[in-house]
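*Asks:* Could you have a look at this structure, given as structure tokens, before my questions?
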Amino acid sequence: MDVRTGGSSLVIMAGPDGNEFPNPGVFLEVIPGKKIVFTDAYTQAWEPSEKPFMTGVLTFEDEGEGRTRYIARVRHWSVADREQHEKMGFHVGWGQCTDQLEELARAL
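Here the sequence shown stands for residues 9 to 116, numbered as in the working numbering.
As structure tokens, then:
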């Protein structure tokens with residue numbers, strides 16, 4: 009990943025059966041330590057993707073004492089896309105990502 013505004017991103021969703029679903033995109037906004045916005049509406053070099061699905065907005069807020077509030081929001085292109093994402097296990101999957109991020113942060 010090229011984590012900078014305009015850089016390429018790659019989110020790989022893994023299904024319970026082990027199948028992987030690559031989701032290439034770009035970073036729309038990167039404010040170190042504060043905010044990351046990414047979308048699959050474009051692939052690398054700002055080329056439009058065939059079927060945009062979502063835009064993710066991650067924010068980080070310092071809560072003092074070494075704690076950070078992590079907020080993840082996803083905006084879908086349509087209600088059907090949102091429902092499909094929910095059926096794919098969006099809430100559980102992103103919860104697992106948050107748990108993994110916490111584990112990594114504690115190891116630093």
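C-beta atoms are modelled at their ideal positions from N, C-alpha and C, and glycine is treated no differently.
Which one of R75, G64, G41 and E28 has the shortest CA to CA distance from S17?
*Replies:* Nearest of R75, G64, G41 and E28 to S17, Cα basis: G64.
*Asks:* For M9, is the classification buried or exposed, using 16 other Cβ atoms within 10 angstroms of its Cβ as the cut-off for buried?
*Replies:* Label assigned to M9: exposed.
*Asks:* Identify, in the order they occur along the chain, each residue of the same chain with its Cβ nearer than 8 Å to the Cβ of T13, setting aside the five sequence neighbours on each side.
*Replies:* Closer than 8 Å at Cβ, skipping near neighbours: F35, L36, E37 and V38.
*Asks:* Grouping DSSP H, G and I as helix and E and B as strand, with all else coil, what is L109?
*Replies:* Here L109 sits in helix by DSSP.
*Asks:* Output needed for T47: all residues of its chain with C-beta closer than 8 Å, excluding positions within five of it in sequence on either side, in chain order.
*Replies:* Result list for T47: G33, V34, L36, P60, M62, T63 and G64, in chain order.
*Asks:* If I measure Cβ to Cβ from M21 and keep anything under 6 Å in the same chain, skipping five residues before and after, which residues do I get?
*Replies:* Cβ neighbours of M21 beyond the five flanking positions: F29.
*Asks:* Rounded to the nearest angstrom, how far is the Cβ of A80 from that of L66, given a contact under 8 Å?
*Replies:* Confirmed, about 5 Å.
*Asks:* Between the beta-carbon of F68 and the beta-carbon of G97, is there less than 8 Å?
*Replies:* Cβ atoms of F68 and G97: not closer than 8 Å.
*Asks:* Just to confirm my understanding: we take G23, look at its own chain, exclude 5 residues before and 5 after, and list those with CB closer than 6 Å. What are they?
*Replies:* If we look at G23 and ignore the five residues flanking it on each side, it has no Cβ neighbours.
*Asks:* Beta-carbon within less than 7 Å of V11's beta-carbon, same chain only, minus the 5 sequence neighbours each way: which residues are those?
*Replies:* Closer than 7 Å at the Cβ level, and outside the excluded window around V11, lie F35 and V38.
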